[in-house]
Each structure stands twice: as structure tokens, then as C-alpha cells.
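At position 29 of the sequence shown the residue is numbered 29 (UniProt numbering), and the sequence of numbers has no breaks.
Just so you know, even glycine gets a beta-carbon here, dropped at the ideal spot from N, CA and C.
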Amino acid sequence: MKDDIAVDWNEVWKRRLALNRSTRNFREGADLWGDREQARRYAARSEADHAHRVAWTLQDLGVSPGDRVLDIGSGPGTLALPLARAGARVTAVDPAEGMLAELRAAAEREGITAITTVHAPWEEIDPDRDLAPPYDRVVASFSLVMPDIRSALAAMDAVVSESGSVHLYWFTDEPPWEQLYLALWEDLHGAPYHPRPKADCLFNVLYGMGIYANILMRPMDERTLFATVEDAVDHFAPRMSVETPRQREVLRGYFREHLVRQDDGLALVGRSTYAAIWWRKQG
């Protein structure tokens, strides 16, 4: 009988992420969201688009006033701002300065002083230099784009307090925006879009590290509202590297067919599933 061959899920993650990044003309992270206008457009829609998911996440985290939270891949403050409103002291890490600028501006408007921002990818963070561990909660919400995911997860576990917990949120299938990319990328760029690795890979990496995480599957219902078809084209064009009139017409045709007219405008609706994964500090 042959010995079972162990799968190195960290390598599987690396390969799948590398394939995703090899997608022709694909942009992400600081390359996309470092632009302040793009970050501003995202932030303007963020609260309405993600309200239900944020409410669930806040319930998961269960922070108390004075708790210290590390928010990895904070974006424009989707979680950091409501966490600070709940009394937490938040360290927000993000590789895109445009996103952090929007976060700082929003905090200033509200008079929030309990958020510290750190401009760097998680892979380049030195906890002794850049952070002030330990943290009561560490959260990475739809920001797991580190090639060496095993090292990234080990670093998260290392900075959480002995009584604290780490919370990850990631896709189990293609979310609505990836469904859009899969439908249109080849027409736009002459090559297919390659999806990101999913939560099955992530859970197996954790299991191989001896971290037996809790996992809960949740529906991701997205409804992005636009005033006009052209508004939808303007929103997605930078994210999909659309530059030419022909490419814009491809987007325009898709939205004419798929936007749903509702009382408050034109909605792009979609459904997928995501995983809420969490564990207590490992001894």
C-alpha cells in the first residue's frame, strides 16, 4: 500500500494566487487603491454595500471598550471606524495609501482619535517596529492576498494576546465581482480571468499548522446601487483595467442587460458564500 502523499496547501495557495496575478491587465492592492479617487469612490459605497456583513463581523468580534484590535487590510475603515465607535483602540494596516487617507479623513470628520494607521503590506510588517502587540482581536476581512499565507497567519497568531482571538473572512466561491470578471475579462482583454484561492485552501493551511479553527459559512448578498448605466461603467472601469471605447462598450452592454431597476436606482445584485474563520490564541 502506498503512503498517502501530503498536500502542501501553502504551495497550493501560492500557485493559485500567482495564477490570479498573472491575469492579463489585472490590478489589485496598492496598484489600484493607492489612487485617492479610486479609494474615495470605494469608500462612498462601502457603508451601504457592506452594512449587513459589517454588523455580523462586529458581533463576531464582540469587542468591549478599551479592547485593542489589529485590522489587517483595513481599506477605508469599513471595520476600523465602527470598531472605534464601539470603544476599541484600532491599529489599521493597509498597503494602499489612498485607502488610509480616506480612513484618516473619515476619522477626523467624526472626531475619532482611537485609530492608528500603518501603511505597509502585512508581509512587510515588523511587529516590534510597526505595531504594539499584543492585541485582543486580530481581524483580516477579505484582505488575504499574501503569497506565503502560512507565514502571514503565523504572524497574526503571534501578535494576539493569550486570551485573544484571530478572525478571518474569505470567499468560499466566486463573489459577485469575480463572477463579473469571469464573464467579461476575455472579451475585455483577450485572456481569461483566473480566480483567487478560496477558503478551502485557507482552512487546510491552518489545519496543517495545528490550528483547528472554527468555521461558519455565510451568504454574501451584494447589492451595488447606481444612478445610471454610465455610473456603473465608471465604477468598474478602473477595477477592470478598461481604457478604450470598445472596452467601455463591452461593460455598458453587460450592465444594460444585468442591472435591475429598483425604486432607488439601478442595482447590480449577486449572491455567493463566504467563510468566517476564527480561533483562540494557540498555546
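Integer Cβ distance of residue i from residue j, believed to fall under 8 Å
i    : j    : result
A237 : R248 : 6 Å
S161 : K281 : 7 Å
P175 : M220 : 6 Å
Y42  : W33  : 7 Å
M217 : T273 : 5 Å
Beta-bridge partners of residue i, as assigned by DSSP
i    : result
G265 : Q262
S272 : M220
I125 : BP columns for I125 are empty, so no partner.
R280 : S165
Y215 : Inspection of the sequence shows that residue 215 is occupied by Ile rather than by Tyr. Bridge partners of I215: I277.
T117 : A92
Neighbourhood of residue i by C-beta distance below 6 Å, restricted to the same chain and skipping five residues each side
i    : result
Y207 : none
N214 : W278
Contact set for residue i: own chain, Cβ-Cβ below 8 Å, skip 5 residues either direction
i    : result
V63  : V69, L83, A86, G87, A88, D136 and R137
L19  : H194
D126 : none
Short Cβ contact (8 Å threshold) for residue i with residue j
i    : j    : result
L266 : V229 : yes
S141 : G73  : yes
L103 : L144 : no
A39  : G98  : yes
Residues of its chain near residue i, where Cβ-Cβ distance is below 7 Å and the 5 sequence neighbours each way are ignored
i   : result
N25 : H189 and S241
V54 : T78, L79 and P82
Q.
Going residue by residue through the stretch 127-200, where are the continuous beta strand (DSSP E) segments of at least 3 residues, counting only ones entirely within it?
A. 135-141 and 160-171
Q) Fully enclosed by the stretch 61-115, which alpha helix (DSSP H) runs are 4 residues long or longer? A) 80-85 and 97-110
Q: Could you pull out every unbroken alpha helix (DSSP H) segment of at least 4 residues lying fully inside the stretch 230-260, listed in chain order?
A: 245-258
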